[in-house]
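*Asks:* Residue numbers (the working numbering): 1 to 158.
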Amino acid sequence: MSGSNGVEWNLNTQLMHESDDVYAKLTKYQPTTNVPSKCSEEKLRNLWDPETSFDVHNRDQGIHANLFLMNSFASKHGADTKTGGLTSTGTTVGECKLFSTLHSLTMIEPRVLDNYSKLGVFYEGFLERKETREVLEGGQFHKYFIKPLDRSSQIASK
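(1) Since Thr-87 and Val-22 should fall inside the 8 Å C-beta cutoff, what is the C-beta to C-beta distance between them, to a whole number of angstroms?
(2) Alpha carbon to alpha carbon, how far is Phe-54 from Val-93?
(3) Measure the alpha-carbon distance for Phe-68 versus Ser-40 and round it to whole angstroms.
(4) Between the C-alpha atoms of Lys-43 and Asp-49, what's the straight-line distance to the nearest angstrom?
(5) Out of Lys-76, Tyr-123, Arg-45, point me to the one whose CA is closest to Val-7's CA.
(6) Is it buried or exposed, Asn-12, if we count other Cβ atoms within 10 angstroms and call 16 or more buried?
(7) In terms of DSSP beta bridges, what is Thr-92 paired with?
(8) Using 7 Å as the limit for Cβ to Cβ distance, is His-57 near chain C?
(9) Alpha carbon to alpha carbon, how far is His-57 from Ile-108? Give it in angstroms, no decimals.
(10) Between the C-alpha atoms of Phe-126 and Gly-90, what's the straight-line distance to the nearest angstrom?
(11) Would DSSP call Phe-73 helix, strand or coil?
(12) Give me the DSSP bridge partner(s) of Phe-145.
(13) Over the uninterrupted alpha helix (DSSP H) stretch that includes Ser-117, give me the two end residues.
The structure is reproduced here in structure tokens:
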């Protein structure tokens, strides 16, 4: 599950760490089913801003900076167009972690991968795996991160 050689082990490790960076941002800022408001609307907008800046520390960059870097990484290492895998097995821990992170993002914003073609190939390939479908369709898999409620619709309904 860590790759078939040293290159794949390194790739696997990089995928885990990049995915962890995104997940850390989600846990810090993104509303959840348990905590519907974690930060200001401005911070949340910055998190999802596609025009994110690379001129700041990565902890202050938005999710799209991470997606851009991961897409470049996937382009360099070649997401297989048939399986979506980035390694020979396509199922290293890093690839599983990357998929789960991308899936969390697409559950919040379905079109988040539209501008990241290699990540899209990876995500769709992993999503179509029989084992993935069984997990997603076979039980108590629920959304945790949520879109914030539109405050204007809340005000209008009161």
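We put the beta carbon where it would ideally sit given N, CA and C, even for glycine.
*Replies:* With the given structure in hand:
(1) Not really, about 20 Å apart at Cβ, beyond 8 Å.
(2) 28 Å
(3) 25 Å
(4) 10 Å
(5) Lys-76
(6) buried
(7) Partner(s): none; Thr-92 has no beta bridge.
(8) Of the protein chains in the structure, only one exists, and it is not chain C.
(9) 24 Å
(10) 8 Å
(11) helix
(12) Thr-32
(13) 117–127
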